[in-house]
Amino acid sequence: MCGIIGYTTNKKDAVEIAIAGLKNLEYRGYDSSGIAYNDGKITMVKSKGKIANLDDKLKSLDTTSSIAIAHTRWATHGEPNETNAHPHKVGKVTLVHNGIIENYATLKEELIAKGYEFKSETDTEVATAYIDYCYATYSDKLKAIVEACKKIRGSYAFDIIFEDEPETIYSTRKDSPLIIGYGKDGNFAASDISAILSYTNKYSLIDESDVVRITKDNVTFYNSNLEEVKKEIKIADWDATQYQKNGYDHFMLKEIYEQPKVIQDIYTRFYNNCDYSDLDITSFEKIHIVACGSAMHAALVGKYLLQTYAKIPAMVEVASEYRYAEELITPKTLLIVVSQSGETADTLAALRLAKEKGAYVVGIVNAVGSTIAREVDKCIYTYAGPEIAVATTKGYTTQVAIFATLAINAMKKNNTLVNEEKIKSELLNVENVLNTIISNRELYLDIAQKIYTHNDVFFIGRGIDSAVCMEGSLKLKEISYTHSESYSAGELKHGTISLIEDGTPVIALATNDDLFEKTVSNLKETKARGAYSIFITTDNYKDYNFDEFADKVIMLHKTSEFLQPILVVVTLQLIAYEVAKLKGCDIDKPRNLAKSVTVE
Ligand code: AGP
876 MCGIIGYTTN KKDAVEIAIA GLKNLEYRGY DSSGIAYNDG KITMVKSKGK IANLDDKLKS
936 LDTTSSIAIA HTRWATHGEP NETNAHPHKV GKVTLVHNGI IENYATLKEE LIAKGYEFKS
996 ETDTEVATAY IDYCYATYSD KLKAIVEACK KIRGSYAFDI IFEDEPETIY STRKDSPLII
1056 GYGKDGNFAA SDISAILSYT NKYSLIDESD VVRITKDNVT FYNSNLEEVK KEIKIADWDA
1116 TQYQKNGYDH FMLKEIYEQP KVIQDIYTRF YNNCDYSDLD ITSFEKIHIV ACGSAMHAAL
1176 VGKYLLQTYA KIPAMVEVAS EYRYAEELIT PKTLLIVVSQ SGETADTLAA LRLAKEKGAY
1236 VVGIVNAVGS TIAREVDKCI YTYAGPEIAV ATTKGYTTQV AIFATLAINA MKKNNTLVNE
1296 EKIKSELLNV ENVLNTIISN RELYLDIAQK IYTHNDVFFI GRGIDSAVCM EGSLKLKEIS
1356 YTHSESYSAG ELKHGTISLI EDGTPVIALA TNDDLFEKTV SNLKETKARG AYSIFITTDN
1416 YKDYNFDEFA DKVIMLHKTS EFLQPILVVV TLQLIAYEVA KLKGCDIDKP RNLAKSVTVE
């Protein structure tokens, strides 16, 4: 996934503003970057690595310009280098792209036969050339874009400058996000609102295959029939400061500390003005929950809450598999898709498949107005605010919190909810409990110091704890590059325990009283083979003797199953954070990753 921004203005600072905006998109991909601007001719400057490298190059140039298109890359075709970095220029067309062109090889052959030559390995250069070919064919820019996009298969958000109209940006999108921003000195076309919030909070969304003509004074929208269409001007309710670290060392740490409030807000809204109380999930024949990565881990917790406690069967599948497995989707199927960014290609494809088969689709989404949020039948926003760190924290925990409210609603519906008032008071007091857990930083640092030199760390748990183990393991892998496995505690002895050596860190979660002793036994089995054991449980066991099998113990406030997973995962987030810090990793922008994977 990549980030793009275009800006055209009545001033001469387009390069400076485009680069500033691009830096707010860096979390979308950061292996190379580039910019094109008009200094009498369309000039391109590119650089491998982070945007700071591009910025350094520009400092030695005269970049006075009233237009710029810029790009920060997460490589899909061709290694990260200056040749493959965007923008790409072919003939009269200069272009930046977020997405993936699936039929680029066929188009490339066609274009080579027409005399085109290519410098890069990218699919984007092929798209650029194809638009140039269509422009040469139709001599009309809007028609050239529309005709080219009829042949281009895949996902794209394009910002385009034509050489013979060097003060105008043309944009279009399919499957990749793009918004139009209205500034006081000019207009923007960017991947998301974070790129432009320092300059404007006024924006419009672009529908699939719309084409937009953007000048410094006007924005004109056309549908794919080239009929002019009007778009609503929206006001973003986020502000630019939410995209700054505000004193924290990392965005990830800031977002960990934001969790108590945003989770509390979910439960407060749930009990006061819930906008999904009309959603009756008990009325469906079956429930599929589909997502990727951490969102899938949240889905697994949701499944336990729905199935084990609300007695509603639910199936969880990763989106990249769901699309190709025959999941017997019918109009009586409820599909719940979970996505922080609302742009994950596999999840988007899964929801489109389910809708084609008549299923009712609910989205649990953070990014307001995102593609998934706009295409589901019912969107439940987590309202966690912008999440910049590539490794999700509040994105995951707010998804779990929404699942907890869906399970509570279902249990009220089927009269299986007991202790309702006690549960409600716990949920409405979660902010204090979470703040206390987060404040215990010394304990997490102490544990991190014991495990950060190891290359293999195991997370084990039973029931809902095994789902939380998956998220704890991913956090550690993502940001500290430590290999880690999450294993159902009872399964470890069926093979994987052979990997346990002297000092191998094993983190066991045991928050469910019914499974406590069994999990203790499983941890003892690893201890007997030399493991360094970390035991995370609840204060129901404050008098328990852990000496025999636990080198470190974290004891958390015992609460209902609707909250316990959130309390536990926050400790795992902070352990992973401290390990990554000790290892000197780039915590907010881990290698090889991007914040939202908008390619399949
Ligand atoms: C989580 O830390 C990862 N960055 C990744 O697994 C992420 O959860 C996954 O790509 C899904 O993203 P989404 O929630 O935006 O759809």
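Taking our numbering, the leading residue of the sequence shown gets 876, the next gets one more, and so forth. Heads up, the beta-carbon is just placed ideally off N, CA and C, and yes, glycines get one too.
Distance between beta carbons of residue j and residue i, contact taken as under 8 angstroms
i, j, result
"L1442", "L1431", "5 angstroms"
"A950", "I1036", "Actually they do not touch by this definition, with Cβ atoms about 23 angstroms apart."
"D1034", "I879", "5 angstroms"
"Y1142", "I1313", "Wrong, their Cβ atoms sit about 17 angstroms apart, outside the cutoff."
"V1213", "I1239", "5 angstroms"
"N1241", "T1257", "5 angstroms"
"H1172", "A1342", "6 angstroms"
"H952", "Y1031", "Not really, about 13 angstroms apart at Cβ, beyond 8 angstroms."
"G1217", "I1187", "The Cβ separation is near 25 angstroms, so there is no contact."
Collapsed DSSP secondary structure at residue i in the structure displayed
i, result
"H1125", "coil"
"A1264", "coil"
"D1155", "coil"
"K1288", "helix"
"T822", "No statement about residue 822 is possible, as the shown extent of the chain runs from 876 to 1475 and does not include it."
"F1424", "coil"
"R1144", "helix"
"V965", "strand"
"T846", "Summary: the structure shown does not reach residue 846, with the chain confined to residues 876 through 1475, and so no result is reported for it."
"H1476", "No statement about residue 1476 is possible, as the shown extent of the chain runs from 876 to 1475 and does not include it."
"T1047", "strand"
"V1472", "coil"
"V1293", "coil"
"A1011", "helix"
"D1082", "coil"
"V1275", "helix"
"V890", "helix"
"G1056", "strand"
"C1254", "strand"
"R1088", "strand"
"E1040", "coil"
"Y1074", "coil"
"D1559", "The requested residue 1559 does not occur in the structure, where the chain is confined to residues 876 to 1475."
"E1319", "Checking the sequence shown, residue 1319 turns out to be Tyr, not Glu. Three-state result, Y1319: helix."
"A911", "strand"
"D1150", "coil"
Proximity below 9 angstroms, CB of residue i to CB of residue j
i, j, result
"I1409", "A1383", "yes"
"R1048", "S1084", "yes"
"L1101", "L1017", "yes"
"Y1045", "I892", "no"
"S1361", "F1333", "yes"
"A1070", "L897", "yes"
"T1394", "G1336", "yes"
"A1558", "I1027", "Absent from the model: residue 1558. The displayed extent of the chain is 876 to 1475, so no value can be given."
"E954", "E901", "no"
"V1472", "C1167", "yes"
"P962", "A988", "no"
"A889", "S935", "no"
"Y1407", "P1440", "no"
"M876", "K1470", "yes"
"G915", "L929", "no"
"K983", "A1004", "yes"
Any non-hydrogen atom of ligand 1 within 8 angstroms of residue i CB
i, result
"G990", "no"
"G1238", "no"
"G1270", "yes"
"V1472", "yes"
"S1314", "no"
"E1353", "yes"
"L1468", "yes"
"S1066", "no"
"K1350", "yes"
"T1222", "yes"
"S1359", "no"
"T1246", "no"
"T1267", "yes"
"C1009", "no"
"Q1215", "yes"
"C1344", "no"
Contact test: residue i Cβ vs ligand 3 heavy atom, cutoff 8 angstroms
i, result
"E1218", "Ligand 3 is not part of this structure, which contains only ligand 1."
C-beta neighbour in chain D for residue i, strict 9 angstroms
i, result
"A1019", "Annotation note: the requested chain D is absent from the structure, which comprises a single protein chain."
- Task: Would you list, in sequence order, the uninterrupted alpha helix (DSSP H) runs of no fewer than 4 residues that lie entirely inside the region 1333–1418?
- Result: Taken in chain order, the whole alpha helix (DSSP H) runs of length 4 or more contained in the region 1333–1418 are 1339–1355, 1391–1402.
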